[in-house]
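A.B. asks: This is the structure I have questions about; it appears just below.
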Amino acid sequence: MDNKIKAVMFDSKPYDVESFADKLKAAGISTKFIEAKLNEDTVELAKDCGAVIVFVNDDLSAPVIDKLWKMGVKLVALRCAGFNNVDVRAAFGKLHVVRVPAYSPYAVAEHAMAMLLTSIRRIHKAYNRTKDFNFSLSGLTGTDLHGKTVGVVGTGKIGKVFIDICRGFGMEVLAYDPFPDEKSGINYVSLEELFKKSDIISLHCPLTKDTKHIINSDSVEMMKKGVVLVNTSRGGLIDSDALLEGIKSRKIGAACLDVYEEESDIFFEDRSGHIMNDDLLARLVTMPNVLITSHQAFLTKEALENIAETTVENISKFFNQNETCNEICYQCGKAEKCRKMRSQKCF
Ligand code: NAD
10 MDNKIKAVMF
20 DSKPYDVESF
30 ADKLKAAGIS
40 TKFIEAKLNE
50 DTVELAKDCG
60 AVIVFVNDDL
70 SAPVIDKLWK
80 MGVKLVALRC
90 AGFNNVDVRA
100 AFGKLHVVRV
110 PAYSPYAVAE
120 HAMAMLLTSI
130 RRIHKAYNRT
140 KDFNFSLSGL
150 TGTDLHGKTV
160 GVVGTGKIGK
170 VFIDICRGFG
180 MEVLAYDPFP
190 DEKSGINYVS
200 LEELFKKSDI
210 ISLHCPLTKD
220 TKHIINSDSV
230 EMMKKGVVLV
240 NTSRGGLIDS
250 DALLEGIKSR
260 KIGAACLDVY
270 EEESDIFFED
280 RSGHIMNDDL
290 LARLVTMPNV
300 LITSHQAFLT
310 KEALENIAET
320 TVENISKFFN
330 QNETCNEICY
340 QCGKAEKCRK
350 MRSQKCF
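Residue numbers for the sequence shown follow my numbering, so the first one is 10 and each next one is one higher.
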């Protein structure tokens, strides 16, 4: 067995160790599991490692990338799909960045529907009541999903699964995507029409400079009164101040949030014994029509298994076969100049 590959996993949780440890060992990758997130203060922990294995809230800004590169790290292996936390321009030419483009679109789409159903059928309230032997139904009136219009922003892998689930409920589906899948039979409309006509809006697009605050005070203004917002993609898609105002003015009827703009120092940890310094989050948590989960949508056994399998394969192929599988695109939209298509590596 080749034990020369050394890696460090940042922000590792017990479920990561459980899904990764055996696979990494079997592939000959000796790995340190570290609870701390990667940032400028912790980057030294990657000393002597060829690869760093990171997650959604690890900091891969230019200074961290530069330090990793100077320490001799060759590969950043994201154990997630999104890479909005990576300064891709800073990485190009220095560190190869690979990811897990798909692990279970079902996990995220099903979580989005679970949150939607919980919210509109008041399951979270009913659960707490019956635990206290309160069997009253007052205040638990819900709404049918059948016949409602759902607007889906982003019709990639997760968006499409979510659309299928919604169709199963007898919902009308409108969608917006700058790259529509014309053969899918999905009813694409402009973003404005989607905002105006939807009873429920679910976000399934990546966080980019074009999509940051795609939900803002102007878009909320266009929406139907009582609209339900579902965000299982990235917190930065929603301007949290506009969300709060929309809820306070009763324009937004409910919000289901698996992600939050300022989640990086809060989510994934037990903060129950601490004073919450984020006033906006504290306010949202108190609202009866806001349901928050802690970036949990990906967390199924199947997804964890697939994430570990692809990540280990990405690292193994890079070091053993000099090949970058699932490398992110550092210069999107320049396919004709794409070196990787010719040589298997971007640089
Ligand atoms: P995907 O790449 O398959 O699909 C993304 C879609 O968004 C594409 O069709 C793309 O054309 C579209 N898009 C790009 N720019 C857009 C814009 N301006 N407006 C509308 N649509 C736009 O990605 P996916 O696997 O479906 O994942 C979607 C997102 O879900 C990821 O980017 C990630 O942020 C999020 N995610 C969250 C979790 C979680 O645990 N909460 C887990 C996995 C992924």
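For glycine and all other residues, C-beta sits at the position ideal for the given N, C-alpha and C. In this text the structure is predicted, and so the values were computed from the model without any measurement.
Considering only heavy atoms of the ligand NAD, does any lie closer than 7 Å to the CB of Thr-333?
C.D. replies: Incorrect: Thr-333 has no Cβ contact closer than 7 Å to the ligand NAD.
A.B. asks: Compute the beta-carbon to beta-carbon distance between Asn-66 and Glu-272, rounded to the nearest angstrom, for a pair I have assumed lies under 8 Å.
C.D. replies: That belief holds up - the Cβ atoms of Asn-66 and Glu-272 are roughly 7 Å apart, short of 8 Å.
A.B. asks: What runs of the alpha helix (DSSP H), each 4 residues or longer, lie entirely inside the stretch 90–137?
C.D. replies: Entirely contained in the stretch 90–137, the alpha helix (DSSP H) runs reaching 4 residues are, in chain order, 97–100 and 114–129.
A.B. asks: Measuring alpha carbon to alpha carbon, tell me which residue in Leu-33, Glu-278, Val-85 and Gly-91 is nearest Gly-245.
C.D. replies: Residue Gly-91 is the option with its Cα nearest to Gly-245.
A.B. asks: Rounded to the nearest angstrom, what separates His-283 and Ile-195 at their Cα positions?
C.D. replies: C-alpha separation (whole angstroms): 46 Å.
A.B. asks: Under a Cβ-count criterion, where at least 16 other Cβ atoms within 10 Å of its own Cβ denotes burial, should Ala-291 be classed as buried or exposed?
C.D. replies: So Ala-291 counts as exposed.
A.B. asks: I'd like to confirm something about Asp-219: is its beta-carbon nearer than 7 Å to some heavy atom of the ligand NAD, or not?
C.D. replies: Yes, since a heavy atom of the ligand NAD falls inside the 7 Å radius drawn around the Cβ of Asp-219.
A.B. asks: Run through the DSSP bridge pairs and tell me what Cys-265 is partnered with.
C.D. replies: BP columns for Cys-265 point to Val-239 and Leu-300.
A.B. asks: For His-5, is the beta carbon positioned less than 7 Å from some heavy atom of the ligand NAD?
C.D. replies: Given that the chain is displayed from residue 10 to residue 356, the structure contains no residue 5 and the question cannot be resolved.
A.B. asks: Between which two residues does the beta strand (DSSP E) containing Glu-181 stretch?
C.D. replies: Start and end: 181–185.
A.B. asks: Should the stretch 67–84 be called in touch with the stretch 300–309, which here means at least 3 C-beta pairs below 8 Å?
C.D. replies: No, the stretch 67–84 does not touch the stretch 300–309.
A.B. asks: Is the beta carbon of Val-237 less than 8 Å from the beta carbon of Ala-263?
C.D. replies: Result yes, Cβ atoms of Val-237 and Ala-263 sit closer than 8 Å.
A.B. asks: Going by C-alpha distance, which of Ile-316, Lys-326 and Tyr-339 is nearest Pro-114?
C.D. replies: If we check each option's Cα against that of Pro-114, Ile-316 comes out closest.
A.B. asks: Could you name the residues that DSSP lists as bridge partners for Ala-60?
C.D. replies: Ala-60 is bridged to Ala-16 and Leu-84.
A.B. asks: Go ahead and label Tyr-185 buried or exposed: buried means 16 or more other beta carbons lie within 10 angstroms of its beta carbon, across all protein chains shown.
C.D. replies: Answer is buried; the Cβ neighbour count reaches 16.
A.B. asks: Any heavy atom of the ligand NAD within a distance shorter than 7 Å of the CB on Val-117?
C.D. replies: It does: the Cβ of Val-117 is within 7 Å (strictly closer) of some heavy atom of the ligand NAD.
A.B. asks: Quick one: residues in its chain with C-beta nearer than 7 Å to the C-beta of Lys-15, no 5 flanking neighbours on either side, listed in chain order?
C.D. replies: Contacts found: Ser-39, Asp-57, Cys-58 and Gly-59.
A.B. asks: Between the stretch 316–328 and the stretch 80–96, can you find at least three pairs of beta-carbon atoms closer than 8 Å?
C.D. replies: Touching, yes.
A.B. asks: May I ask you to report which of helix, strand or coil DSSP gives Gly-342?
C.D. replies: With a pLDDT of 48 at Gly-342, under the threshold of 50, the modelled position of this residue cannot be trusted; read the value that follows with caution. Reduced to three states, the DSSP call for Gly-342 is coil.
A.B. asks: Assess contact between the stretch 188–205 and the stretch 110–125, defined as three or more Cβ pairs (one per stretch) separated by less than 8 Å. Is contact present?
C.D. replies: No, they do not touch.
A.B. asks: Evaluate Glu-336 with the Cβ neighbour count: other Cβ atoms within 10 Å of its Cβ, from every protein chain shown; 16 or more gives buried, anything less gives exposed.
C.D. replies: Classification for Glu-336: buried.
A.B. asks: Please state whether the Cβ-Cβ distance between Thr-365 and Asp-267 is less than 8 Å.
C.D. replies: The structure shown does not extend to residue 365, since the chain spans only 10 to 356, so no value can be given for it.
A.B. asks: For Ser-242, verify whether its CB is less than 7 Å away from any heavy atom of the ligand NAD.
C.D. replies: Yes, since a heavy atom of the ligand NAD falls inside the 7 Å radius drawn around the Cβ of Ser-242.
A.B. asks: Relative to the C-alpha of Asn-94, which residue among Asp-219, Ala-55, Leu-69 and Asp-141 is closest?
C.D. replies: Out of Asp-219, Ala-55, Leu-69 and Asp-141, Leu-69 has the C-alpha closest to the C-alpha of Asn-94.
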